[in-house]
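Accompanying notes for the structure given below.
Residue numbers (my numbering), protein chains in the order written: chain A, 2 to 293; chain B, 39 to 333.
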């Protein structure tokens with residue numbers, strides 16, 4: 002009897018408000034996420050809109066509006082000013098990225114798969130170099146370059162980025178190689194393969210993802226570097242794009258539209274890499290936090 | 039002997055890197071400390087020992103205390119802001135939302151842009167010019183009818199460095215989000231389920247199960263943000279240039295070397311930066327390597 006009275010539980014009326022509330026919470030979530038996205042993209046809007054404005058439209062009255070007349074004048078000016086420095090940046094970033102990635106692969110391999118007594122100590126010894134403020138080596142470094150007559154200009158910067166890139170690249174590759182199953186290494190050992198054979202025919206063929214992660218990381222941080230460049234490169238003709246950009250925009254006579262197009266121009270290479278390979282970029286970031 | 043033949047080549051292969059790090063990290067740090075203790079105060083190098091003279095100079099230098107005040111305010115605002123925004127974003131994304139990939143890419147994209155380039159826009163956004171020369175956010179405030187919010191931004195006398203932290207928060211909160219997101223996803227689902235079975239409300243599940251699991255991630259984030267903040271340089275140069283009102287130790291060091299040619303004093307700042315960062319990093323490294331070994 003009691004069961005029959007209890008049977009018609011008013012299921013629907015109870016569930017409906019809860020579902021509606023859940024729906025509202027979900028909506029709120031999307032609204033907040035979208036708001037954050039808008040705030041984060043706001044500088045991008047400003048950059049693009051301003052960079053396509055003509056000289057007459059950059060006054061405060063039109064600060065946030067889209068250009069009446071889209072023009073690439075500012076872009077042309079920015080390009081004329083920065084193109085030699087963009088060239089310098091490429092001359093810097095390509096060899097530095099390639100060499101430091103290769104070095105990182107070898108170091109990471111040894112530190113995880115061909116270990117020697119004290120390998121962990123060496124790794125920690127490396128890692129500290131990743132976190133130091135580079136200011137703490139900058140004065141002696143420039144002095145040393147002078148003392149040993151190191152070829153001036155870009156080569157000094159390439160060298161510096163390779164050396165100070167050793168810790169992060171070793172970290173990225175070591176984390177990655179740690180996931181290679183021991184069985185695979187055991188098989189190589191059975192074949193009496195030496196270190197280089199093992200690296201070349203077992204480890205290297207499956208290293209592509211780590212190479213991409215390390216290369217993106219190095220490319221981005223070397224391209225965006227300002228500190229090393231501003232201390233090491235004294236000849237303005239050899240400045241990479243960051244230093245040149247700061248020089249252009251730091252002088253308050255440069256109009257906003259030119260400043261903005263110069264900033265976009267200087268950021269395009271890393272942004273393109275980010276858009277195409279963002280997934281790997283994220284992995285590099287996580288490695289930077291040590292616990293990949 | 040056979041064992042050496044086994045690991046010898048590995049050590050040999052890594053030894054050039056060990057040598058480079060030994061010389062260019064540890065050796066040059068030592069050299070820098072030596073410079074800071076010397077009397078190299080002009081363009082002409084000198085290595086005569088002068089003890090702590092440069093440090094004492096710094097201590098009595100009014101600019102230095104301004105620097106310290108600035109870096110403190112900047113660091114606190116930056117760390118609190120980036121942690122809060124990053125945690126909020128991760129919390130909202132944690133259970134999986136449609137378009138998660140899109141949101142993640144948007145939040146993280148500032149990491150791909152240099153502080154120098156970002157500084158160009160942020161200087162425009164935070165333009166302190168009054169009235170008809172105003173640009174950026176002050177104009178927005180005016181148009182939205184909240185003109186009283188318009189302010190001096192990074193040129194504000196007391197809170198300027200807090201405004202300076204805004205672009206840094208913008209740049210790094212996506213990174214903090216990624217860290218926290220990984221942390222959230224690392225909490226075993228069974229644990230949450232078990233707590234729910236015990237009748238815990240969703241709030242209590244977070245309070246007692248999920249958040250305690252985020253402690254190591256929070257520590258990592260704190261240390262990463264902290265060490266970025268102490269040595270902040272590009273951003274300040276891009277937005278504030280060399281003026282004292284936005285000066286921080288790394289910028290002052292640059293001015294001392296390039297304009298004043300006071301190498302000993304510059305090296306002293308660099309050494310102090312290193313000490314500040316080491317106090318954060320060394321315990322962290324030891325802790326990380328140790329817990330890795332235990333795993």
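Note that CB positions come from ideal geometry on N, CA and C, so glycine has one too. On a predicted model such as this, the values are computed, not experimentally measured, just so you know.
If we ignore side chains and look at the alpha-carbon of each, how far apart do residue i and residue j end up?
i                      : j                      : result
residue 180 of chain B : residue 186 of chain B : 8 Å
residue 214 of chain B : residue 180 of chain A : 25 Å
residue 202 of chain A : residue 94 of chain B  : 59 Å
residue 281 of chain B : residue 64 of chain B  : 32 Å
residue 73 of chain A  : residue 259 of chain A : 10 Å
residue 130 of chain B : residue 121 of chain B : 14 Å
residue 189 of chain A : residue 50 of chain B  : 20 Å
residue 249 of chain B : residue 217 of chain B : 14 Å
residue 233 of chain B : residue 208 of chain A : 41 Å
residue 72 of chain B  : residue 82 of chain A  : 41 Å
residue 227 of chain B : residue 237 of chain B : 16 Å
residue 127 of chain A : residue 255 of chain B : 22 Å
residue 158 of chain B : residue 97 of chain B  : 33 Å
residue 102 of chain B : residue 190 of chain B : 23 Å
residue 139 of chain A : residue 171 of chain B : 40 Å
Are the CB atoms of residue i and residue j nearer to each other than 7 Å?
i                      : j                      : result
residue 263 of chain A : residue 172 of chain A : no
residue 49 of chain A  : residue 257 of chain A : no
residue 235 of chain B : residue 108 of chain B : no
residue 266 of chain A : residue 79 of chain A  : yes
residue 263 of chain B : residue 154 of chain B : no
residue 60 of chain B  : residue 137 of chain A : no
residue 124 of chain B : residue 258 of chain B : no
residue 173 of chain B : residue 61 of chain A  : yes
residue 1 of chain A   : residue 117 of chain A : Outside the displayed range of chain A (2 to 293) lies residue 1 of chain A, so it cannot be described from this structure.
residue 164 of chain B : residue 145 of chain B : no
residue 52 of chain A  : residue 38 of chain A  : no
residue 112 of chain A : residue 124 of chain A : yes
Report all residues from its chain with a CB closer than 6 Å to the CB of residue i; omit the five preceding and five following residues, and keep chain order.
i                      : result
residue 221 of chain A : 271
residue 162 of chain A : 97 and 223
residue 215 of chain A : 102, 105, 170 and 173
residue 251 of chain B : 225
residue 196 of chain A : 115
residue 165 of chain A : none
residue 194 of chain A : none
Please report whether the beta-carbon of residue i lies at a distance below 7 Å from any beta-carbon of chain D.
i                     : result
residue 54 of chain A : Protein chains in the displayed structure are A and B, and chain D is not among them.
With a threshold of 7 Å on Cβ separation, who are the neighbours of residue i within its own chain once the five nearest residues in sequence on each side are excluded?
i                      : result
residue 295 of chain B : 301 and 304
residue 197 of chain B : none
residue 111 of chain B : 199 and 200
residue 267 of chain B : 112, 113, 116 and 117
residue 245 of chain B : none
residue 330 of chain B : none
residue 154 of chain A : 234, 236 and 239
Using 8 Å for Cβ pairs, my map puts residue i next to residue j. What's the rounded Cβ distance?
i                      : j                      : result
residue 1 of chain A   : residue 232 of chain A : In this structure chain A extends from 2 to 293, so residue 1 of chain A is not present and cannot be described.
residue 265 of chain B : residue 319 of chain B : 6 Å
residue 247 of chain A : residue 276 of chain B : 6 Å
residue 132 of chain B : residue 222 of chain B : 4 Å
residue 269 of chain B : residue 44 of chain A  : Contact doesn't hold; Cβ gap of about 23 Å is too wide.
residue 249 of chain A : residue 90 of chain A  : In fact, because the Cβ distance is near 14 Å, the residues do not count as touching under 8 Å.
Under DSSP, the alpha helix (DSSP H) around residue i begins and ends at which residues?
i                      : result
residue 265 of chain B : 253–268
residue 104 of chain B : 100–131
residue 173 of chain B : Neither: residue 173 of chain B is in no alpha helix (DSSP H) and is coded neither H nor E.
residue 184 of chain A : 183–191
residue 95 of chain B  : 91–97
residue 86 of chain A  : 74–114
residue 162 of chain A : 155–178
residue 290 of chain B : 287–293
residue 1 of chain A   : A query on residue 1 of chain A cannot be resolved here, the shown segment of chain A reaching from 2 to 293 and no further.
Suppose the cutoff is 8 Å on Cβ atoms and the five residues either side in sequence are ignored; what does the same chain contact list for residue i look like?
i                      : result
residue 185 of chain A : 203
residue 261 of chain B : 318, 319 and 322
residue 108 of chain A : 127, 167, 170, 171, 174 and 175
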